[in-house]
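A short worksheet on the structure shown next.
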Amino acid sequence: MALAKRRFDTLILGAGGAGLRAALQLSNADARVAVVSKVFPTRSHTVAAQGGVNAALANVVPDNWHWHMFDTVKGSDYLGDQDAIEFMCREAPKIVYELEHFGVPFSRLDTGHIYQRAFGGQSQNFGGAQAARTCAAADRTGHAILHSLYQQNIRSKTHFFDEFFALDLITDDEGAVLGALVLEIETGEPLLIEAKTTLIASGGCGQLFRTTTNAHINTGDGMAMVLRAGVPLEDMEFFQFHPTGIAGKGMLITEGARGEGGYLINKDGERFMERYAPNAKDLASRDVVSRAISTEVREGRGCGPDGDHVMLRLDHLGSDIVAKRLPGIRDTCKTFLHIDPVDTPIPVFPTAHYVMGGIPTDRHGRVVMPARHGPEEVVSGLYAAGECACVSVHGGNRLGGNSLLDILVFGRAAGEDIIGFLKENPNHRPINESSVDKAMARLKRWDQKGEGESVKEVRDDLKKVMENHCGVFRVEDVMAEGVNELVKIRERMANVRLSDTSRVFNTARIEALELENLVDIGMATMKSALVRQESRGAHSRMDFTERDDKNWLKHTLYFLEDDRIDFKPVRTKPLSVDSFPPKARVY
Amino acid sequence: MEADLEELPSIEKLRWQCRRGMLELDLILKQFLENNYNQLNYNEKELFCELLSQNDQDLQQWLMNKTSPADSRFLEIIDLINRH
Numbered sequence: 045m046a047l048a049k050r051r052f053d054t055l056i057l058g059a060g061g062a063g064l065r066a067a068l069q070l071s072n073a074d075a076r077v078a079v080v081s082k083v084f085p086t087r088s089h090t091v092a093a094q095g096g097v098n099a100a101l102a103n104v105v106p107d108n109w110h111w112h113m114f115d116t117v118k119g120s121d122y123l124g125d126q127d128a129i130e131f132m133c134r135e136a137p138k139i140v141y142e143l144e145h146f147g148v149p150f151s152r153l154d155t156g157h158i159y160q161r162a163f164g165g166q167s168q169n170f171g172g173a174q175a176a177r178t179c180a181a182a183d184r185t186g187h188a189i190l191h192s193l194y195q196q197n198i199r200s201k202t203h204f205f206d207e208f209f210a211l212d213l214i215t216d217d218e219g220a221v222l223g224a225l226v227l228e229i230e231t232g233e234p235l236l237i238e239a240k241t242t243l244i245a246s247g248g249c250g251q252l253f254r255t256t257t258n259a260h261i262n263t264g265d266g267m268a269m270v271l272r273a274g275v276p277l278e279d280m281e282f283f284q285f286h287p288t289g290i291a292g293k294g295m296l297i298t299e300g301a302r303g304e305g306g307y308l309i310n311k312d313g314e315r316f317m318e319r320y321a322p323n324a325k326d327l328a329s330r331d332v333v334s335r336a337i338s339t340e341v342r343e344g345r346g347c348g349p350d351g352d353h354v355m356l357r358l359d360h361l362g363s364d365i366v367a368k369r370l371p372g373i374r375d376t377c378k379t380f381l382h383i384d385p386v387d388t389p390i391p392v393f394p395t396a397h398y399v400m401g402g403i404p405t406d407r408h409g410r411v412v413m414p415a416r417h418g419p420e421e422v423v424s425g426l427y428a429a430g431e432c433a434c435v436s437v438h439g440g441n442r443l444g445g446n447s448l449l450d451i452l453v454f455g456r457a458a459g460e461d462i463i464g465f466l467k468e469n470p471n472h473r474p475i476n477e478s479s480v481d482k483a484m485a486r487l488k489r490w491d492q493k494g495e496g497e498s499v500k501e502v503r504d505d506l507k508k509v510m511e512n513h514c515g516v517f518r519v520e521d522v523m524a525e526g527v528n529e530l531v532k533i534r535e536r537m538a539n540v541r542l543s544d545t546s547r548v549f550n551t552a553r554i555e556a557l558e559l560e561n562l563v564d565i566g567m568a569t570m571k572s573a574l575v576r577q578e579s580r581g582a583h584s585r586m587d588f589t590e591r592d593d594k595n596w597l598k599h600t601l602y603f604l605e606d607d608r609i610d611f612k613p614v615r616t617k618p619l620s621v622d623s624f625p626p627k628a629r630v631y
Numbered sequence: 067m068e069a070d071l072e073e074l075p076s077i078e079k080l081r082w083q084c085r086r087g088m089l090e091l092d093l094i095l096k097q098f099l100e101n102n103y104n105q106l107n108y109n110e111k112e113l114f115c116e117l118l119s120q121n122d123q124d125l126q127q128w129l130m131n132k133t134s135p136a137d138s139r140f141l142e143i144i145d146l147i148n149r150h
């Protein structure tokens, strides 16, 4: 049967906040837009973002975008690109008012203005008093934003391909991107979507780790597609972990539990945080607590039959305090562990939450990579936005309330730039059959029958390797061993077979394709973490405990071909104001 | 199955619809589908399918925060999921 084909001006892969914000910009400009999403759009991971959106509206206390910029640069541990950060912070108020106009029900002050809550890392006057910068729609901000954007897109006639899985980008010999080969999950049939521009907005890759807060859909599909197209990933060593997730499952147990007096113990019942942080103990900073837990487990003092977690005790607090102040945690424990923390300790381990790294872009959302004329040459026709992208506004670490802002600002910016591109490039470029054949081969490989390993076996091992060798405990020999383990996993992939090779709604095949993506992103993460011999932001090395601006104030780039590493400079020059030079980390 | 009953979606299709925007829902819904769905009667199965078309925030409220849905038809299936 001949391959089915469709043509659009723009193809968007992913229907979370970034993809839908870009789609809306384009549909409103009368571009023909297709959005491909492997699940129904309003089930994207954006719904899990409950915190809010940062914008210096100054509704509660004095504020301005320049202070927001300072906080973001400092939070990034000076690895963020300051031109992009300035742009994002200046755009933020406009983005919030636009959302209000789209119908997002922000919580309000008595005056009628949008309420803003204070969050860690927010300051007035460049490191002064606490600021209040986060706009929220109760605790359902992400959900409210996603639903509003979806409704707006339906009204603007954006074309949705729901439950379609993107296989690979189609490129020509000059490297220009011509669209993508996608798979209709229901029928199992491939479809070629030709597009003058392609935007990747496929979200993060938390499923790399055994313990993660991320939904099962977060398998980094877009990031892996970009790697296979010869484009590098940037700063993949920077992954945000939260110190206490439910061990082996990942759901967050908020810091509030320790704030209320909860404490951690190892298998001997020892309150081990006293050894790592004699003063702050269980209230030490996130990275100190995460590393302490990881160290206890590595040194054989973990709990459980596999010794792979520690325990969080709340049982001494009394049922009144737990019921009154920590009801959410109690519900989570009852639902997922069938225990009541009032009388039973909670098994916990650091949980992977957010990837700062991703597809390298400039502040217009254009994908850039080193080429003949410099480190940031535009890949024609290719854009990226959201968690899968690395602009980089988060650098080494992300501030709370800046991720929803990132997806909206750069989703919109990418949409705007694409409108310009479409005016200058009104025609489709001729399709490159060999690129289509390559993408088809990726699909056909899973038709192989016979005996072999299962997807689940290899996936479980991959997640364990990532957690044990590239989690919060990072040291040279452990990561070098991790690279070897990943090489073995790569080799095992060739022998993985599906027990069911049918086409219709074969979700096992989708899971196999997702696993292929995760393996490549795992290598990108491990290799990048191994090469960076310093501690910066969320990347902390036991063997290089200091930040090293002399040697490492630069972005890492990982290429799939030969697992090659390259670097590019940080853009330290903002658009209109003076640079914020690196300062020691004092919080 | 009686002839006048509408055919329910395949288990494969339902498995994909248990993929949600939140990890908590992934785990609750998938586990129920794999372990308990087959033992449900036709009406319960139909309700479960309909439940999957509800939005994630509501499902989270019902299945984790234990608030009751406004639509009382869902009470029974939510109760079943919460008990497993």
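Chains A and B supply the protein sequences, listed in that same order.
Add 44 to a position in the first sequence, counting from 1, and you land on the number used in my numbering.
Add 66 to a position in the second sequence, counting from 1, and you land on the number used in my numbering.
Every residue, glycine too, gets a C-beta built ideally from N, C-alpha and C.
Closest by C-alpha distance to residue i, when choosing among the options
i         : options                                    : result
Gly274(A) : Arg615(A), Leu601(A), Asp622(A)            : Leu601(A)
Arg410(A) : Pro394(A), Ser436(A), His417(A)            : Ser436(A)
Tyr210(A) : Val480(A), Ala301(A), Phe517(A), Thr388(A) : The sequence as given places Ala at residue 210(A); Tyr does not occur at that position. Residue Val480(A) is the option with its Cα nearest to Ala210(A).
Leu277(A) : Lys571(A), Ser584(A), Ala628(A)            : Lys571(A)
Trp128(B) : Thr395(A), Thr376(A), Glu578(A)            : Thr376(A)
Ile147(B) : Leu99(B), Ser119(B), Ala136(B)             : Leu99(B)
Ala458(A) : Glu497(A), Met523(A), Thr241(A), Phe611(A) : Thr241(A)
Phe282(A) : Asp504(A), Glu421(A), Ala568(A)            : Ala568(A)
Asp632(A) : Arg50(A), Lys49(A), Ala75(A), Glu314(A)    : As shown, chain A starts at 45 and ends at 631. That puts residue 632(A) outside it, with no answer to give.
Asn109(B) : Leu93(B), Glu90(B), Glu73(B)               : Glu73(B)
Asp544(A) : Ala552(A), Met537(A), Ala538(A)            : Ala552(A)
Ala100(A) : Gln94(A), Asn108(A), Ser200(A)             : Asn108(A)
For residue j and residue i, believed in contact at Cβ under 8 Å, the rounded distance
i         : j         : result
Met400(A) : Asp279(A) : 6 Å
Ile143(B) : Phe114(B) : 5 Å
Phe465(A) : Ala429(A) : About 14 Å; that fails the 8 Å criterion.
Gly289(A) : Ile297(A) : 7 Å
Gln195(A) : Asn441(A) : Between Asn441(A) and Gln195(A) the Cβ distance is about 34 Å, and since that is not below 8 Å, they are no contact.
Ser192(A) : Leu143(A) : 7 Å
Phe52(A)  : Ala239(A) : 5 Å
Ile214(A) : Ala483(A) : 7 Å
Arg161(A) : Thr178(A) : 5 Å
Leu235(A) : Arg473(A) : Not really, about 19 Å apart at Cβ, beyond 8 Å.
Ser167(A) : Ala175(A) : 6 Å
Gly439(A) : Ser120(A) : 3 Å
Met510(A) : Leu252(A) : 5 Å
CB of residue i within 8 Å of CB of residue j, strictly
i         : j         : result
Asn476(A) : Asp265(A) : no
Arg580(A) : Arg591(A) : yes
Glu135(A) : Ser620(A) : no
Glu207(A) : Val77(A)  : no
Gly294(A) : Thr395(A) : yes
Val148(A) : Ala188(A) : yes
Ser81(A)  : Ala67(A)  : no
Ala245(A) : Leu57(A)  : yes
Ser363(A) : Val386(A) : yes
Leu356(A) : Pro322(A) : no
Asp122(B) : Leu91(B)  : yes
Residue environment, residue i, which counts as buried when at least 16 other CB atoms sit within 10 Å
i         : result
Asp212(A) : buried
Tyr631(A) : Unreliable placement is indicated for Tyr631(A), whose pLDDT of 48 sits below 50; the coordinate value is still reported in the next sentence. The residue in question, Tyr631(A), is exposed, as its Cβ has fewer than 16 Cβ neighbours within 10 Å.
Met130(B) : buried
Thr133(B) : exposed
Leu47(A)  : exposed
Glu68(B)  : Here the model assigns Glu68(B) a pLDDT of 45, short of 50, so the residue's position is not dependable, and the following value carries that caveat. Under this definition Glu68(B) is an exposed residue.
Phe170(A) : exposed
Ser71(A)  : buried
Arg254(A) : buried
Glu501(A) : exposed
Asp564(A) : buried
Ile337(A) : buried
Pro391(A) : buried
Near-chain A residues of the stretch 92-119 of chain B (beta-carbon distance less than 9 Å), N- to C-terminal order: Asp92, Leu93, Ile94, Lys96, Ser119
What are the residues of the stretch 378-392 of chain A that lie near chain B, defined by any Cβ-Cβ distance shorter than 8 Å? Thr379, Phe380
Residues in the stretch 124-139 of chain B with C-beta within 8 Å of chain A's C-beta atoms, listed in sequence order? Leu129, Met130, Asn131, Lys132
Which residues, in chain order, does the stretch 177-192 of chain A contribute to contact with chain B at a C-beta distance below 7 Å? Arg184, His187
Closer than 7 Å, Cβ to any Cβ of chain A: which residues of the stretch 74-87 of chain B, in chain order? Ser76, Glu78, Lys79, Arg81, Trp82, Arg85, Arg86, Gly87
Where the stretch 259-271 of chain A meets chain B: residues whose CB sits under 8 Å from a CB there: Ala259, His260, Ile261
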